[in-house]
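Novice:
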DNA sequence: TAGTCTGCGTGCGCTGGCGTACAGACCTGT
DNA sequence: ACAGGTCTGTACGCCAGCGCACGCAGACTA
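Residue numbers (our numbering), protein chains in the order written: chain A, 3 to 276; chain B, 3 to 276.
Okay, structure coming up:
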């Protein structure tokens, strides 16, 4: 039974009118979720939807041989478990916690009931679902055309948008699994970004130092998805006034760069290729 | 004002109850659509939804440089223009006619009104939308992991499922545009399939000769999407009793094969590589 | 303090797909 | 019959990414 100001952290919940809030809020339960936790497996019957507050959840498509790829990522702008109200209570994706934090959990019955009132909650959920579709489609395009370098930038930006700060706890191996590429590929791409001073990488801790530069290096996919999401869910702006921006250097990882830059400086392709 | 039995051709329409039918049918307009016709561009405001009967429509994501990739394909099992009822009346995809045929067209206002009745039409449309999401996600996975050979098989099977016969009018160049690969890549993949006797290819006319074999050569993506679609829309079976199946050789293109097989017979990798 | 584990950097050979270029096969119209 | 356009086959060099293997450094444990 959370208070209203706590709900503000999730943009969907934050935009519900008082009437809807009074119905829904009593059923919300704040749960904390730890890194790597699986909210549901591919094929599971969904029992809850989750409205992240400061956590990030990634939706993975799992293949027969067990390898998986991220098809979309959900933060405090959305909700996990759209299948519940789309008509079929199970899903073909796996939902994994990408960044530790909390989420409001709502039992399936309640979200369906509220959805079936055919009111603002439904409209909100449908629009959000459409933005999910856009993100998924863009993932398909990005997988087809863009290099690992570009995809890493996209992934970082998408994650960053859903984080309170500019730091991410995530190993290269994990990122590789998200992107569906080799760990070494991520190492190389991240190395380039580090040399450019765009990010700092240190044993599972990524700090984004120069976000504008990151956006320049990225393929169009990020901007397209962001624009589409804002078009579909314009209210986001009103809620999320402060976006974490700008360099804010991190002393203890700074050392790390020095070590690496020394090695080989004069490379022909110093910038990110293409 | 089409008759009921004509509606049977589109599975969504076919499964509407008499009551809904009486409301919707008078507004339906049967339109014929020619190959390559653009139903709407990326960014357009949607004016109609289209329920294909014997036509196929492909949904493409267009990139800034103009190149495009197929995100999903819609035949008589579905509807084009889901954005209309998902809340935002414009879309980021381009809809192009892939196979000549007809579709029932319904003005946006009507589909929204019917959707807002919160009845069976809504449930049907939402479930179909979920299957679209599944297809899009699988496209992303396929783009990431699978070879052109496999993707061609998937594409052929998805198209075949939506066709009355076993023949497709489509040049290799066009297929390449759908898959987002080079024309030459499609030529090679199609050449392999032809040597295996799975398909016949002749200047824009593809005939599938051995569908079971095609399914064996395909990646899992096709089966996954099909299974998921059937799970979400089980009614399809009842409607579509006859599936076009089995070899039914095409004499006049058979000649073509002979010409080519002569060239080089003893190739090490005669089968489709992985 | 030594041992072990985890995360990251790097090198090497291989291959799928790309870009480009060209040529043969077929179709259509005149 | 011929010309021009369309569709398809083939070849060559190139590169991104893969699979594999190894080394190294920071972190954690005993």
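The beta-carbon is built from N, C-alpha and C at its ideal position, and this holds for glycine as well. This structure is a prediction, so every number in the text was calculated from the model and none was measured.
1) What are the start and end residues of each continuous alpha helix (DSSP H) run of 4 or more residues lying completely inside the stretch 179–243 of chain B, in chain order?
2) For residue 26 of chain A, tell me which candidate among A:109, A:146 and A:129 has the shortest Cα-Cα distance.
3) Between the stretch 197–223 of chain A and chain B, which residues of the former have a C-beta closer than 8 Å to a C-beta of the latter?
4) Within 10 angstroms of the Cβ of residue 167 of chain A, are there 16 or more other Cβ atoms? Answer buried if so, exposed if not.
5) Within the same chain, show all residues whose beta-carbon is closer than 7 Å to that of residue 122 of chain B, passing over the 5 residues directly before and after it, in chain order.
6) Take residue 244 of chain B and list the residues in its own chain whose beta-carbon comes closer than 7 Å to its own, dropping the five residues that flank it on each side.
7) Using only alpha-carbon positions, find the residue among B:59, B:206 and B:92 that is nearest to residue 185 of chain B.
8) Report the start-end ranges of each beta strand (DSSP E) in the stretch 53–98 of chain A that is 3 residues or longer and not cut off at the edges.
9) For residue 245 of chain B, would you say it is in contact with chain A, using Cβ-to-Cβ distances shorter than 7 Å as the test?
10) Given a cut-off of 7 Å, decide if residue 57 of chain A and residue 101 of chain A are closer than it, judged by their beta-carbon atoms.
11) Can you give me the Cβ contacts of residue 147 of chain A inside the same chain, cut-off strictly under 8 Å, excluding the 5 residues immediately before and after it?
12) Any C-beta of chain B sitting closer than 7 Å to the C-beta of residue 17 of chain A?
13) Is the Cβ-Cβ distance between residue 59 of chain B and residue 87 of chain B less than 7 Å?
14) At a Cβ threshold of 7 Å, is residue 148 of chain B touching chain A?
15) With a threshold of 7 Å between beta-carbons, can residue 24 of chain B be considered close to chain A, or not?
16) At least one CB of chain A closer than 7 Å to the CB of residue 128 of chain B: is that the case?
17) Would you tell me roughly how many angstroms separate the C-alpha atoms of residue 54 of chain B and residue 42 of chain B, rounded to the nearest one?
18) What are the residues in the stretch 45–67 of chain A lying within 7 Å of chain B by C-beta distance?
19) I'd like to know if residue 155 of chain B contacts chain A, where contact means its C-beta is closer than 7 Å to some C-beta of that chain.
20) Compare the Cα-Cα distances from residue 12 of chain B to each of B:79, B:162, B:204 and B:209 and report the closest residue.
21) Alpha carbon to alpha carbon, what distance is there between residue 10 of chain B and residue 74 of chain B?
22) On a Cα-Cα basis, can you pick out the residue from B:235, B:65, B:161 and B:187 that is closest to residue 44 of chain B?
23) Could you please give me the residues that DSSP links to residue 171 of chain A through a beta bridge?
24) Using a beta-carbon distance below 7 Å, is residue 179 of chain B in contact with chain A?
25) When the cut-off is 7 Å and only beta carbons count, does residue 88 of chain A lie next to chain B?
26) Note down, in chain order, each residue of its chain lying with its Cβ closer than 8 Å to the Cβ of residue 38 of chain B, except the 5 sequence neighbours on either side.
27) Report the rounded CA-to-CA distance for residue 170 of chain A versus residue 142 of chain A, giving the unit in angstroms.
28) Is the beta carbon of residue 210 of chain B closer than 7 Å to that of residue 201 of chain B?
29) Name the DSSP beta bridge partners of residue 34 of chain B, please?
30) Do the CB positions of residue 150 of chain A and residue 183 of chain A come within less than 7 Å of each other?
31) Residue 143 of chain B touches chain A at which residues, Cβ-Cβ below 7 Å?
32) With H, G and I counted as helix, E and B as strand and the rest as coil, what does DSSP make of residue 109 of chain A?
33) Can you tell me whether residue 362 of chain B is buried or exposed, with buried defined as 16 or more other CB within 10 angstroms of its CB?
34) Is the separation between the beta-carbon of residue 84 of chain A and that of residue 47 of chain A shorter than 7 Å?
35) Taking residue 231 of chain A as the query, report the chain B residues whose CB atoms sit under 8 Å from its CB, ordered along the chain.
Specialist: The short version:
1) Qualifying alpha helix (DSSP H) stretches, in chain order: 185–197, 213–219, 222–234 and 238–241.
2) Ranked by Cα distance from residue 26 of chain A, the first of A:109, A:146 and A:129 is A:109.
3) Contacts with chain B (Cβ-Cβ distance below 8 Å) from the stretch 197–223 of chain A involve 222, listed in chain order.
4) It counts as exposed.
5) Within its own chain, the residues whose Cβ lies closer than 7 Å to the Cβ of residue 122 of chain B, once the five positions on either side in sequence are excluded, are 18, 19 and 22, listed in chain order.
6) Bear in mind that the predicted position of residue 244 of chain B carries a pLDDT of just 43, short of 50, making it unreliable; the figure below should be weighed with that in mind. Nothing meets the Cβ criterion.
7) Looking at the Cα atoms, B:206 is the closest of the given residues.
8) The stretch 53–98 of chain A contains these whole beta strand (DSSP E) runs: 58–64 and 70–76.
9) Any reading at residue 245 of chain B must be qualified, since the residue scores a pLDDT of 41, below 50, and its modelled position is unreliable; the value itself is stated next. For residue 245 of chain B, the answer is no, since every Cβ of chain A falls outside 7 Å of its Cβ.
10) Contact flag set, yes.
11) Correct list, in chain order: 221.
12) At least 7 Å separates the CB of residue 17 of chain A from every CB of chain B.
13) Result no, Cβ atoms of residue 59 of chain B and residue 87 of chain B do not sit closer than 7 Å.
14) No - not a single Cβ of chain A is within 7 Å of the one on residue 148 of chain B.
15) The beta carbon of residue 24 of chain B does not come within 7 Å of any beta carbon belonging to chain A, so the residue lies off that interface.
16) Residue 128 of chain B counts as touching chain A.
17) The C-alpha of residue 42 of chain B is placed about 15 Å away from the C-alpha of residue 54 of chain B.
18) So the list reads 63, 65 and 66, given in the order they occur along the chain.
19) Interface criterion not met: the Cβ of residue 155 of chain B is under 7 Å from no Cβ in chain A.
20) Selected option, being the one with the closest Cα: B:79.
21) Roughly 23 Å separates the two Cα atoms.
22) Comparing Cα-Cα distances from residue 44 of chain B to each of B:235, B:65, B:161 and B:187, the minimum goes to B:65.
23) Bridge partners of residue 171 of chain A according to DSSP: A:207.
24) Contact of residue 179 of chain B with chain A is not assigned, every C-beta pair being separated by 7 Å or more.
25) Chain B contact via Cβ: present.
26) The answer, listed in chain order, is 98 and 99.
27) Going by the C-alpha atoms only, they are around 24 Å apart.
28) A contact, by the Cβ cut-off of 7 Å.
29) Answer by DSSP bridge pairing, in chain order: B:104.
30) Yes, the Cβ-Cβ distance between residue 150 of chain A and residue 183 of chain A is below 7 Å.
31) Contact of residue 143 of chain B with chain A by beta-carbon distance below 7 Å involves 63, 65 and 71.
32) In the structure shown, residue 109 of chain A sits in a strand (DSSP, three-state: E or B).
33) Outside the displayed span of chain B (3 to 276) sits residue 362 of chain B, for which this structure offers no information.
34) For residue 84 of chain A and residue 47 of chain A, no; Cβs fall outside 7 Å.
35) Those do not exist, as residue 231 of chain A stays about 11 Å from chain B at its closest Cβ, beyond 8 Å.
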